[in-house]
């Protein structure tokens, strides 16, 4: 696994060279526009842009794996107050990390800890219970709950099985839209207090939830029933690919942000080529892409562009 030194550094250098060649051809096209000289046809430029986009896209998508390896897969535990979130966190961590109480609103802040399950590190985030409240401190905790939800890749929505119907009806509009692009596991806790036919009715309530990214399970956190099955669900939901020593993985947030912006810029270049826009506009977008890659791999100067032109094209010879 390579990051910045070695593999990552070489990948970025190769990427920067491709960008340098691209901008050189565009600059030449602009400089010799009156002489109707074409240094590279648009299909060749599109092919080069596709190669650049492929590398950037691979690096951007590697961040979710890199972040999980470095910090753990972020899992938010959310739900109404007193649904058993803190009890579940303590069971998963096998320690009394969170305060467990029958009093609603006991967890007013965010509690985080990590655990390794079958070789995968998970970073669990126990959040304040979601409910209507006039308590200023508790309200701030609930606000942080939704902030942490945005950062999670997996969301465990804890539901008290006894009061599940009202909880799902009240909170689904607040929670489900925020889970777009995430894996949502609805955890019906205190399932030992309801009958089997009630479980079937609760399962039926979820028929309109996104099937490809939503699943559910019945557990009893207090009695540790079915919690091992929940761990298996978490492993499956993480769906981390096998990483080898030679794979290039981005783990630095600043690098990820720069690559994401470079990705947006190269997509504009691709669209511009398809729409046959002028070289002036292509030049702006490709230079923006170079700017963000340079933030990681080092600056690309005008002198470097000129040197590349003289080195690879028969100009001034």
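Residue numbers (this note's numbering): 23 to 339. We treat Cβ as the ideally placed atom computed from N, Cα and C, and that holds for glycine.
Shown here, residue 291 sits in a helix according to DSSP, grouped into three states.
Residue environment analysis places residue 298 among the exposed positions, since fewer than 16 neighbouring C-beta atoms fall within 10 angstroms of its C-beta. The beta-carbon separation of residue 94 and residue 136, rounded to 5 Å, stays under the 8 Å limit for a contact.
Rounded to whole angstroms, the Cβ separation of residue 314 and residue 283 is 5 Å, and the two are in contact under 8 Å. The beta carbon of residue 215 sits closer than 7 Å to those of 183, 184, all from its chain and outside the five residues before and after it, given in chain order. Here the C-alpha atom of residue 142 lies approximately 11 Å from the C-alpha atom of residue 259.
Note that the C-beta distance between residue 147 and residue 99 is below 8 Å. For residue 35, the three-state secondary structure derived from DSSP is helix. Excluding five sequence positions before and after residue 64, the CB atoms of its chain that fall closer than 8 Å to its own CB belong to 295, 298, given in chain order. Here the region 226–245 does not lie against the region 85–94, with fewer than 3 beta-carbon pairs under 8 Å apart.
By a beta-carbon distance limit of 8 Å, residue 84 contacts residue 272. Their separation comes to about 5 Å.
Comparing alpha-carbon positions, the option among 174, 81, 242 lying closest to residue 145 turns out to be 174. Looking from the CA of residue 48, the closest CA among 110, 303, 316 belongs to 303.
Secondary structure note for residue 180: its beta strand (DSSP E) is the uninterrupted segment 176–182.
Boundaries for residue 93: no beta strand (DSSP E) harbours it, while the alpha helix (DSSP H) harbouring it runs 64–93, taken from the DSSP string. Cβ-Cβ separation between residue 206 and residue 187: approximately 18 Å, too far for a contact (criterion under 8 Å).
In this structure, DSSP gives residue 113 a helical state, which the three-state scheme calls helix. In the structure shown, residue 97 adopts extended strand secondary structure according to DSSP, grouped into three states. Its Cα nearest to that of residue 50, the residue 305 stands out among 252, 191, 305, 262.
Boundaries around residue 191 are those of the alpha helix (DSSP H), 186–197, since no beta strand (DSSP E) includes it. Taken through DSSP and simplified to helix, strand or coil, residue 261 comes out as coil.
In this structure, residue 66 keeps its C-beta atom at 8 Å or more from the C-beta atom of residue 291. In the DSSP assignment, residue 148 falls within the beta strand (DSSP E) that extends over 142–148.
Taking the C-beta atoms as reference points, residue 280 is found no nearer than 8 Å to residue 230. Nearest C-alpha to residue 289 among 274, 277, 309: 309. For residue 211, the enclosing beta strand (DSSP E) covers residues 205–211.
Take the alpha-carbon of residue 39 and the one of residue 274: they are about 22 Å apart. Taking the CA atoms as reference points, residue 73 sits about 13 Å from residue 81. CA-to-CA, the gap between residue 203 and residue 196 works out to about 15 Å. Under DSSP, residue 251 forms no beta bridge with any residue. The beta carbon of residue 225 sits closer than 7 Å to those of 238, all from its chain and outside the five residues before and after it, given in chain order. Take the alpha-carbon of residue 116 and the one of residue 287: they are about 47 Å apart.
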